[in-house]
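Protein chains in written order, with my numbering: chain D, 2 to 227; chain B, 56 to 421.
Where a beta carbon is used, it is the ideal one built from N, C-alpha and C, also for glycine.
Below is one structure; the comments refer to it alone.
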């Protein structure tokens, strides 16, 4: 694969629960190309989320190499992983995870604040994105005044405000009805096609997985190409 | 952006924010009230000492300048010595007797004392019989006493014959002879007040008195020296008491903020996870919580100052004969520092706990 954005080899993650070691990832190899839309499917507990957390820099691997946009995540300190997260990774969660006390716009600006771009005007490209997401008129509402579909679209905007190298979507349609799911998935595909945004999406739903270029399956901490 | 998050978070839990700020406010009020009371009481004593109209106060050996009682001077010294001194135009002896708490009754020869202090009656007049007393307006108001009423102290019923304006040495004035008799101090007084023909002569008269054989060991003060001794430093234990109150306030403020911030951190576990996913560092998380705490402390401080005005008004209205309070502006920055210190101390542990919170666990928190 030319110019891969994610290169994972021999990735292992072992959680320690008391005296018991629980392996979550048992040697994962994966390469994701720049601009690729990859779907990751698999049963609960198969290690999908752990894989995302490591790629997103929320936790460190036990062993193996994880190179994201040229940086090896395996050897970073907490502070370095935090810095990496600010610029290179955007997260979308099943439960939207908007900050409930802030308006939609402030949620977006908060992500921008941590990237260090506080106070700079939003780019033309980002304003186009807000139009694409159809949330411009809802930006001054707090999450509790927004529908699930709107909250998830705000979360997408927040994830993309810093123009991350990769967008990690963990069950982005898990809490949405069919109509809103289709809308969110179409938006993700659009972002991928129009902006070349690299997307990794975890899903249980084969129809959702079909929106990606490629689907990989996780089972018992190992990866299998469909 | 962080400030907006801080304000929105505080607004989100209005009741808790208000209660926490109010708790810090009470801590602030407690200190301001104690210092205000201490200073108010001392200022009131100063005003009353000045109101006596004397230029010089003479106290017997071993008497504390601001002691409440004791009578170790022979009354005879007035006639035999003090009134005969050059420049002295009036001399009045007083006997001060504690009657419970910090209240006292002062025994005087009415004519001598009235001439010196310029007593003005608001109601009634001087005492005529043995068990008559004159009270000041504050005492009358607080205890709802009028001329003809009876007041009881030293196991004796006294009839009120007059109410005088406040600020004339004493709140309750009784006949000197009666007070000497019932306190077994016949012929003795607590202090002598001297009035000169010209107050400019005060230093010279004091020097002369100090050099008089037989007056060794007597404390002789000008009125200004005398009132300057009414300070927090000169009241035994008062400073320590104020320090204890400050210490208690710090502990209370610390515990209140600890509890508030601890529940805040628990309640916002998921949000802390979100912030970390957005790229917040542990220092960012601590920063947010400390700013919230700072706002609580400042709002609490302002509330505390407001409450201290209420406490001040209540004291000076309801119990003005027993207690006097003043607003102590110079302590506002001190209590601000105390409130901020105690609050930040209380927020430290919850803040560090939040900063160490694992982002993935926090995001999974329901």
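In terms of residue numbering, what span does the alpha helix (DSSP H) encompassing residue i cover?
| i | result |
| --- | --- |
| residue 131(D) | 125–134 |
| residue 49(D) | 49–56 |
| residue 421(B) | Where residue 421(B) is concerned, there is no enclosing alpha helix (DSSP H), given that its DSSP letter is neither H nor E. |
| residue 317(B) | 293–322 |
| residue 341(B) | 337–373 |
| residue 261(B) | 257–265 |
| residue 207(D) | 207–210 |
| residue 133(B) | 131–135 |
If the criterion is Cβ atoms closer than 8 Å, does the pair residue i and residue j meet it?
| i | j | result |
| --- | --- | --- |
| residue 87(B) | residue 359(B) | yes |
| residue 363(B) | residue 370(B) | no |
| residue 162(B) | residue 229(B) | yes |
| residue 168(B) | residue 281(B) | no |
| residue 109(D) | residue 162(D) | yes |
| residue 149(B) | residue 244(B) | yes |
| residue 173(D) | residue 153(D) | yes |
| residue 116(B) | residue 272(B) | yes |
| residue 49(D) | residue 200(D) | no |
| residue 355(B) | residue 89(B) | no |
| residue 190(B) | residue 151(B) | no |
| residue 23(B) | residue 103(B) | Nothing about residue 23(B) can be reported from this structure: the residues present for chain B run from 56 to 421 only. |
| residue 164(B) | residue 231(B) | yes |
| residue 107(B) | residue 264(B) | no |
| residue 278(B) | residue 105(B) | yes |
| residue 55(D) | residue 336(B) | no |
| residue 192(B) | residue 217(B) | no |
| residue 101(D) | residue 62(D) | no |
| residue 169(D) | residue 57(D) | yes |
| residue 60(B) | residue 350(B) | no |
| residue 62(B) | residue 394(B) | no |
| residue 104(D) | residue 164(D) | no |
| residue 219(D) | residue 43(D) | yes |
| residue 100(B) | residue 297(B) | no |
| residue 150(D) | residue 177(D) | yes |
| residue 215(D) | residue 39(D) | yes |
| residue 344(B) | residue 291(B) | no |
Any idea which residues DSSP pairs residue i with across the strands?
| i | result |
| --- | --- |
| residue 168(D) | 91(D), 200(D) |
| residue 15(D) | 24(D) |
| residue 220(D) | 223(D) |
| residue 5(D) | 34(D) |
| residue 276(B) | 112(B) |
| residue 162(B) | 150(B), 229(B) |
| residue 215(D) | 39(D) |
| residue 82(D) | Answer by DSSP bridge pairing: none, since residue 82(D) is not bridged. |
| residue 284(B) | DSSP lists no partner for residue 284(B). |
| residue 195(D) | DSSP output for residue 195(D) lists no bridge partner at all. |
| residue 29(D) | 12(D) |
| residue 128(B) | 244(B) |
Which residue comes first and which comes last in the beta strand (DSSP E) that contains residue i?
| i | result |
| --- | --- |
| residue 112(B) | 111–114 |
| residue 39(D) | 38–42 |
Taking DSSP as the reference, what is the three-state secondary structure of residue i?
| i | result |
| --- | --- |
| residue 145(B) | strand |
| residue 384(B) | helix |
| residue 68(B) | coil |
| residue 159(D) | helix |
| residue 65(D) | strand |
| residue 413(B) | coil |
| residue 10(D) | strand |
| residue 61(B) | helix |
| residue 173(D) | coil |
| residue 185(D) | helix |
| residue 56(B) | coil |
| residue 107(D) | helix |
| residue 90(B) | helix |
| residue 73(D) | strand |
| residue 376(B) | coil |
| residue 116(D) | helix |
| residue 393(B) | helix |
| residue 167(B) | helix |
In chain order, each alpha helix (DSSP H) run of at least 4 residues that lies wholly inside the region 170–250 of chain B: 192–198, 231–237
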